[in-house]
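One gets my numbering by counting positions in the first sequence from 1 and adding 293 to each. Take a look at the structure set out below.
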Amino acid sequence: MLTPPEDDFPRWYQEVVAKAELAENGPVRGTMVIRPYGYAIWELVQADIDRRIKELGVQNAYFPLLVPEHYLRREAEHVEGFSPELAVVTHAGGRELEEPAVIRPTSETIINASFARWIHSYRDLPLLVNQWANVVRWELRPRLFLRTTEFLWQEGHTAHASEQAARSFALEVLEQVYVSFMRELLAIPVLAGQKTAGERFAGATATWTCEAMMGDGKALQMGTSHELGQNFSRAFGITYLDQSGSERYAWQTSWGVSTRLMGALVMAHGDRSGLRLPPKVAPIQVAVVAVREAPGVAEAVDSLVRSLKGRGIRAVADLSLETSFGRRVVNWEIKGVPVRLDLGPRDIAAGQVIMVRRDTGEKMPVAITELPNRVEIALGQIGDQMRSMAAARMRDRTETTSSLDDAIEAASTGFASFEAGLLGADEAGSGTGRGEAKLNAAGVTVRLLQQPDGALPEPGDKLEDLIAIAARAY
RNA sequence: CGGGGAGUGGCGCAGCUUGGCAGCGCGCCUGCUUUGGGAGCAGGAGGCCGCGGGUUCAAAUCCCGCCUCCCCGACCA
């Protein structure tokens, strides 16, 4: 039996991750074993994001895991931001290394060292590169998928000839790749906006983010896209000659999403019965279950699976009659399989199956002759239904407030939305306004800034013209 | 790093106070009966009781030291 999510959400989360066979803890603190079923979901996620990234003209490449320590020191804020969580290789080959090698916490430094060699002319720009990799950040408090010491991600790195070009590319990734992927494939409605100075990536001039509300009303940052300005190009000497022959520093971006998306999937859609997967990222979209032993049942199940597969639907047969029907059903539910088709002797006699939708629990008899079609339709509806359930939750649990105290109160159950002017101007040195500091002290963070109509902030916008969304966050 | 808790078959735990054959539930294996929402019976396999030392005729249990893990707070994708 699962702990109900409303009783103890963190515990429920851990149980779902374990029982759905997504992942388990590795032997070194904070590491994670991603199990085959979990990895199959990740592969579907990866494939779609990879396709979208390539549509923007980005090419994949691969850079080393180990980074010379002095690379990290080249960009002041970057080192400061990352040094507390670095894992450093000091010994190898039985000897102490002359220069320690850092296991990449992110690859800005090593990639930009290459960029500096590759870029000479405005004709080399824009340079658009992505890599799928693992990175290591020695986290103080790990949680499977949400914050692990080693995680898998995609990190894009680009160089452009102008600030404007870099900005529009960063936003294109945010909207065309991340937001649309999350809405369409993960069925998670996300808010897109800009981070405050205090929440900005170490070394960035602007950080853009997608944030979603989880089942307990807390926020999760699901992806980010950064404008790096010329911080790294100056640190690594990424220069080019423009049309007029003058030397210029490139303008850059970096952006990423990680296996954290898996955690989002669990927390945004899961329910009392376990995981619920949107059909597009479900490794198994349909389980065809033989209810009990009877003549013709196994054959009917197999032929049904074949016809579903023939339509490109990911279907499996459940013929494990040595396990009771009830147990098998519970198992498919925990694993979040969107559609189940129950097939027993009664159904064979009636020329039907019982179709059960995981999103609503709804059961309905469907004639075998209508089958591949009805399943296809249901799979489409399930994605839409899950998206609107998540959207309704975010709508119901977002409160518009007029003071910071009310915002803190609202953040105990969901999101608070208020005029960003309340955050106060950045105080010299701190990078954080007085109002924002007050929120932070109460365990609430500003998740993003938007225009009042939900659009992304423009370069000239003042804090007073924007809306802040604040919440407790993972 | 601050505050709590725990280390005992694969997983979850009891046993420790008051030393005396290492147990229970789940899972696993075999057989039979079952199977339309977490099956039943019978038989069976599986242990460096976190590590090191000490006390004792005898230590999972008492004493000393060490290690690790988990949960709650400050950081992140």
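Glycine included, each C-beta is placed from N, C-alpha and C at the ideal position.
For the options THR693, ARG569 and ASP689, the alpha carbon positioned closest to that of GLN678 is the one of ARG569. In the DSSP assignment, GLU389 falls within the beta strand (DSSP E) that extends over 388 to 396.
Per DSSP, ALA557 lies in no beta strand (DSSP E); the unbroken alpha helix (DSSP H) holding it starts and ends at 553 to 562.
In the DSSP assignment, LYS656 is bridged to VAL649. Residue pairing of ALA385 in beta bridges, as defined by DSSP: ARG388. About 15 Å separates the CB atoms of ASN353 and ASN427; that is not less than 8 Å, and the two are not in contact. Annotated as distal: GLY736 and ARG690, with beta-carbon spacing of 8 Å or more. Going by beta carbons, LEU337 and PRO588 fall outside the 8 Å limit. If you draw a straight line from the Cα of ALA703 to the Cα of LEU439, it is about 23 Å long. When the Cα atoms are used, LEU756 and PRO329 turn out to be separated by approximately 46 Å. Within the same chain, and ignoring the five residues on either side of ALA610 in sequence, the residues whose Cβ sits closer than 7 Å to its Cβ are VAL581, VAL594, ASP595 and VAL598. Uninterrupted alpha helix (DSSP H) stretches at least 4 residues long and entirely within the segment 591 to 645 occur at 618 to 627 and 638 to 643, given in chain order. In the structure shown, the three-state DSSP call for MET507 is coil. For ASN318, the beta-bridge partners assigned by DSSP are MET325. Measuring C-alpha to C-alpha distances from GLY510 to each of THR383, ARG688, TYR415 and ALA458 identifies ARG688 as the nearest. PRO571 sits buried, since 16 or more C-beta atoms from the chains shown fall within 10 Å of its C-beta. With 16 or more other Cβ atoms inside 10 Å of its own Cβ, LYS628 counts as buried.
Residue ranges of uninterrupted beta strand (DSSP E) with 3 or more members, entirely inside the segment 687 to 754 and ordered along the chain, are 691 to 693, 708 to 712 and 738 to 743. Closest by C-alpha distance to GLU586, out of ASP640, LEU732, ASP564 and HIS562, is ASP640. Secondary structure at SER414: strand, using DSSP grouped into helix, strand and coil.
Below 8 Å, too few C-beta pairs join the segment 390 to 402 and the segment 459 to 471 to call them touching: fewer than three.
Annotation: the continuous alpha helix (DSSP H) that includes ALA458 extends over 456 to 465. The three-state secondary structure of PHE438, taken from DSSP, is coil. Fully enclosed beta strand (DSSP E) runs of no fewer than 3 residues occupy 484 to 487, 499 to 506, 512 to 522, 532 to 534 and 540 to 542 of the segment 463 to 545, in order along the chain.
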